[in-house]
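Notes to accompany the following structure.
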Amino acid sequence: MDTVAWLLDSDPSLRWQVLRDLLDAPETEVAKERSRVTVEGFGAQLLALQDARGYWNNDECGEDQSRKSVFWSLALLRRLGADPKDPPVRAAVGRVRDSVTWKYWENLPYFHGEVEPCINGGVLSQGAYFGQLGEGSERIISRLLTEQLPDGGWNCEAPDSSKASSFDTTLGVLEGLLELERAVGEAPAALADARSRGEEYLLKRSGFKRLSTGEVAEGRYLNFSFPPYWFYDVLRSLDYFRAARSSFDPRLDPAVEALIDKRRGDGRWSSGVTWPGETYLDVDAAEGEPSRWNTLRALRVLRWAGVGSAA
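Residue numbers (this note's numbering): 144 to 454.
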């Protein structure tokens, strides 16, 4: 079985992205496959786990690293590409909007976010993707603009423990700002500037290196696991830049080389070490096994970067 056929022999959440990103299938064919995400496979299973109050596991974010929560369930639905207009998705998001609150943060409504930029970046991504912009997203944006550090990024530990930005937090915020821009069209100048400065923070570091030494900043940045947790990795970052920019920035060449180095002899990529914490669903292969999600994301990144072929 060739690589593309292997990718298509999978869940509809992955198939529709293969059709769109690797095969340039007609929009009608892509939309038809995408419509299956909420009625079968991983998307349908995850939606069925939500309770009548709008919660997953009665938890808005996740205790003891658990991803059985509202935050991580919505994050996964977004990465699976569940169509926000599909009735089951609209109903699930409506329940979250109407009932879920941040119990540790004065019971703020869920889509108003809390205090950490790494979490608020994710909530902003979800609010923009699922059509829940308004007073809550305005609160998050106001915080993120004031929390951006002089080096261009963000850090959940600032200002108490660090004055330097974090790769992890910065990418999470950038994903939120990009999703917002997609939802509203042209972003206000202040937001566009904030996203540009955040991207420059990563680009100056080739996406994974220390600015001071040029060495890999953290070994875990080369661990590719799907779905992403809060951890940064090179593949997640490259996939962000693919979505954010029409043209490839050559400063990411070292990151692309690191991605290619991970390619198996059969042209696929393996699953990395699974991040800690309980999850509802195993949506990808076990550690070390061929990973459809990593392979899809890697191939579309390489296609965007003008490297190699789609299979």
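Note that beta-carbon positions come from the ideal geometry of N, C-alpha and C, so glycine has one too.
Counting the other Cβ atoms within 10 Å of the Cβ of Ala235 gives 16 or more, which makes it buried. Cβ-Cβ separation between Phe351 and Tyr364: approximately 4 Å, consistent with a contact (criterion under 8 Å). By the Cβ neighbour-count rule, Tyr247 is exposed, with fewer than 16 other Cβ atoms within 10 Å of its own.
Nearest Cα to Ala333 within the set Arg286, Glu257, Ala148, Arg348: Arg286.
Counting along the chain, the unbroken alpha helix (DSSP H) around Asn437 starts and ends at 435-448.
C-alpha of Val147 to C-alpha of Arg338: approximately 33 Å in a straight line. Between the stretch 180-195 and the stretch 216-226 there are three or more C-beta pairs closer than 8 Å, enough to call the two in contact.
In the three-state reduction of the DSSP assignment, Ser156 falls in the helix class, which pools H, G and I. Cβ-Cβ separation between Asp294 and Ser308: approximately 5 Å, consistent with a contact (criterion under 8 Å). With respect to Gln208, Trp199 sits apart: the two C-beta atoms are not nearer than 8 Å. Around the Cβ of Arg177, a 10 Å sphere holds 16 or more other Cβ atoms; the residue is buried. By a beta-carbon distance limit of 8 Å, Trp297 does not contact Pro252. Their separation comes to about 23 Å. Considering only Gly449, Leu162, Glu432, Asp164, the residue with the shortest C-alpha distance to Leu395 is Gly449. The criterion of a C-beta distance shorter than 8 Å is not satisfied by Leu321 and Ala225. Note that the C-beta distance between Glu342 and Leu317 is below 8 Å.
Short of 6 Å from the beta carbon of Gly410, and not among the five residues preceding or following it, lie these beta carbons of its own chain, in chain order: Thr146.
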